[in-house]
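Student: Before I ask anything, let me first share the structure, which is written out below as structure tokens.
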Amino acid sequence: MTVQGDGHFYVETLGCPTNQVASDKFVGTLLPDGLVPTDDAAAADVVVVNTCAFIEEARKESIEVILQLDETRRNGSRLVVTGCMAERYGDELAAELPEVDAVVGFGGAITEQQQRRLIPVAEAPMPTMDLLNLHRPPAQRPWSYVKVAEGCNRSCGFCAIPSFRGSQRSRDTASILEEVRSLQAQEIVLVAQDLASYGVDRPDELGSGSIVPLVKSVAAEVDRVRLLYLYPSDLSDELIDVILDTDVPYFDLSLQHVSKPLLRRMRRWGDGDRFLQRISDIRAAQPDATMRSNFIVGYPGETDDDHAALVDFVEEADLDWCGFFAFSREVGTYAYDLDGQVDANLMHERLAELTELQDAITAGKRDALIGEMVTVLIDEPGIGRSHREAPEIDGVVHVDAELQAGSFVEVVIEEAWGPDLVAVGGVMPDGDEEIR
Ligand code: SF4
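Position 364 of the sequence shown, counting from 1, maps to 374 under our numbering, and the rest follow consecutively.
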């Protein structure tokens with residue numbers, strides 16, 4: 011069917027923050043066509059699933075969501091699958107899921123109307139829409155992700171992303187700043203597959219280290235700027251300083267492991283001692299700095315000693331937040347054929363041990379905040395976040411429901427519930443009403 015004018019669309023976004031940016035961008039292409047967003051998939055004329063293909067678990071979830079939405083959607087609606095799964099397994103998806111009306115790669119046409127616009131009228135090849143540079147509507151929330159580059163130049167052993175997202179392509183600083191302004195959000199979260207490498211693929215105009223002036227420029231536009239996914243070798247002194255200067259001392263370090271031989275098998279830089287040194291440097295400069303990291307458990311060849319080194323590191327580093335992921339054997343990656351694949355039961359035992367250890371560390375750090383006054387940005391009635399919580403990733407601060415979304419208020423932490431905090435008080439935006 012052809013949808014235009016008063017048609018409705020529904021978008022389900024799975025996976026990582028960068029996928030949310032892609033969803034915002036194609037929403038930006040649907041609105042000018044007169045389509046109206048709806049939260050009700052059953053009422054939509056176009057149902058879009060923006061999938062994630064990162065690991066097997068994510069792919070299973072994507073398929074389940076596609077099938078659920080196929081049951082929910084109304085007769086005659088168009089079911090479109092896009093995102094990483096469409097990009098990586100497009101042909102298989104189209105063959106295996108006859109329920110799906112269209113499988114569309116990055117920047118492809120979502121509606122039939124858009125499809126017609128992409129049909130070439132001359133022999134010259136038509137450029138596909140470049141998602142990175144598409145316009146986005148203003149943010150619906152007080153914070154928003156902004157993607158500064160697409161693709162990755164590294165070759166981490168476990169990761170299939172470069173094979174389907176391609177090499178890194180950094181955006182122009184001017185277009186990033188234009189997007190930041192148009193979003194009208196109080197907090198901007200900068201993302202890319204390898205954020206700190208922003209600019210290295212454009213040595214003449216940008217170059218290595220360009221993330222530093224970019225962060226400064228974004229910080230001049232908004233109240234808060236936060237950075238996600240920092241590869242440790244690119245965390246320079248200049249970058250640490252500029253992050254501390256933004257008043258959001260939040261460091262998301264993509265460490266993945268700490269055992270040097272295992273990191274080399276992962277084709278990654280660094281080791282536990284260097285990471286601890288960097289963490290201690292940051293804490294020396296700003297004791298209140300918040301740290302997050304992710305680790306892969308059960309990478310091929312991970313020995314009992316490697317695991318013990320990671321456990322010791324987690325204890326010593328005392329990070330605020332950590333994510334642990336079981337190794338997933340991805341077709342087309344270097345690690346797929348590596349010897350020493352770790353038994354699934356052992357992998358899950360190691361994962362459980364690390365998760366339990368970190369949960370206790372995180373809970374202790376949250377308990378230590380009881381009685382402190384913190385500044386939170388109100389995301390929605392009843393929910394705020396200080397610099398310590400990245401949206402959709404870390405815990406939240408529960409606040410009085412009367413505090414207005416989009417405002418910054420000072421609250422006092424009264425309780426901790428695992429990763430979440432409960433606060434009282436708060437000065438309303440007009441400054442004269444205090445909630446107790
Ligand atoms: S830095 Fe490594 S893990 Fe991250 S996207 Fe690039 S290849 Fe994948």
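Note that CB positions come from ideal geometry on N, CA and C, so glycine has one too.
Are there three or more Cβ pairs, one per stretch, closer than 8 Å when the segment 202-221 is compared with the segment 234-244?
Tutor: yes
Student: Between which two residues does the alpha helix (DSSP H) harbouring residue 192 extend?
Tutor: 183-193
Student: Under a three-way DSSP split, which group does residue 301 fall into?
Tutor: strand
Student: Under three-state DSSP, which class holds residue 207?
Tutor: When secondary structure is reduced to three states using DSSP, residue 207 falls in the helix class.
Student: Give me the DSSP bridge partner(s) of residue 332.
Tutor: 303
Student: Which runs of the beta strand (DSSP E), 3 residues or longer, sit entirely within the segment 356-417?
Tutor: Entirely contained in the segment 356-417, the beta strand (DSSP E) runs reaching 3 residues are, in chain order, 383-390 and 393-395.
Student: Do you know how far the Cα of residue 289 is from the Cα of residue 282?
Tutor: 10 Å
Student: Residue 25 and residue 170: beta carbons closer than 8 Å?
Tutor: Taking 8 Å as the Cβ cut-off, residue 25 and residue 170 do not qualify as a contacting pair.
Student: Closer than 5 Å from C-beta to any heavy atom of the ligand SF4: which residues, in chain order?
Tutor: 162, 164, 166, 169, 171, 203 and 204
Student: Determine the burial state of residue 157: buried for a count of at least 16 other Cβ atoms within 10 Å of its Cβ, exposed for fewer.
Tutor: buried
Student: For residue 396, does the count of other Cβ atoms within 10 angstroms reach 16, so buried, or fall short, so exposed?
Tutor: Residue 396 sits buried, since 16 or more C-beta atoms from the chains shown fall within 10 Å of its C-beta.
Student: Measuring only the C-alpha atoms, how far is residue 192 from residue 148?
Tutor: 6 Å
Student: Taking the beta carbon of residue 35 as the centre, do at least 16 other beta carbons fall within 10 Å, making it buried, or is it exposed?
Tutor: Burial call: buried.
Student: According to DSSP, is residue 433 helix, strand or coil?
Tutor: In this structure, DSSP gives residue 433 an extended state, which the three-state scheme calls strand.
Student: What residue range is occupied by the uninterrupted beta strand (DSSP E) comprising residue 200?
Tutor: 197-201
Student: State the Cα-Cα distance for the pair residue 247 and residue 254, rounded to the nearest angstrom.
Tutor: 11 Å
Student: Can you look up residue 317 in the DSSP assignment and give me helix, strand or coil?
Tutor: helix
Student: Beta-carbon separation of residue 160 and residue 175 under 8 Å?
Tutor: yes
Student: With a CB to CB cut of under 7 Å and the five nearest residues on each side skipped, what residues in its chain are close to residue 75?
Tutor: 22, 24 and 59
Student: If you count every other CB in all the chains shown that lies within 10 Å of the CB of residue 313, and 16 or more means buried, which is it?
Tutor: exposed
Student: According to DSSP, is residue 154 helix, strand or coil?
Tutor: strand
Student: Which residues bound the beta strand (DSSP E) around residue 23?
Tutor: 18-23
Student: Just how far apart, CA to CA, sit residue 4 and residue 406?
Tutor: Shown here, the chain extends from 11 to 446; a query on residue 4 therefore has no answer.
Student: Give the DSSP-derived three-state secondary structure of residue 260 in the structure shown.
Tutor: Residue 260 falls in the strand class under three-state DSSP.
Student: With DSSP run on the structure shown, which of helix, strand or coil describes residue 93?
Tutor: Judged by DSSP in its simplified three-state form, residue 93 adopts strand.
Student: Based on the DSSP output, what are the partners of residue 60 in its beta bridges?
Tutor: 23 and 92
Student: With a 10 Å radius around its C-beta and 16 neighbouring C-beta atoms as the bar for buried, classify residue 134 as buried or exposed.
Tutor: For residue 134, the pLDDT reaches just 35, beneath the cut-off of 50, and the residue's location in the model is therefore unreliable, leaving the point undetermined.
Student: Which residue's Cα is closest to the Cα of residue 109: 78, 98, 326 and 118?
Tutor: 78
Student: According to DSSP, simplified to helix, strand and coil, what is residue 83?
Tutor: Looking at residue 83 - three-state DSSP - the assignment turns out to be coil, as it is neither helix nor strand.
Student: Would you be able to state if there are at least three C-beta pairs under 8 Å between the segment 417-436 and the segment 384-400?
Tutor: With a cut-off of 8 Å, the segment 417-436 and the segment 384-400 count as touching, because enough Cβ pairs lie within range.
Student: Straight-line CA distance for residue 228 to residue 115?
Tutor: 30 Å
Student: Reducing DSSP to helix, strand and coil, say where residue 65 ends up.
Tutor: Looking at residue 65 - three-state DSSP - the assignment turns out to be coil, as it is neither helix nor strand.
Student: Among 413, 200, 428 and 409, whose alpha-carbon lies nearest the alpha-carbon of residue 422?
Tutor: 409
Student: Whole angstroms are fine: how far does the CA of residue 70 sit from the CA of residue 236?
Tutor: 30 Å
Student: Count the C-beta pairs between the segment 321-336 and the segment 300-309 that are closer than 8 Å, then say yes if the count reaches three, no if not.
Tutor: yes
Student: Let me confirm a value: residue 316 is counted as buried when at least 16 other C-beta atoms fall within 10 Å, else exposed. Which label applies?
Tutor: So residue 316 counts as buried.
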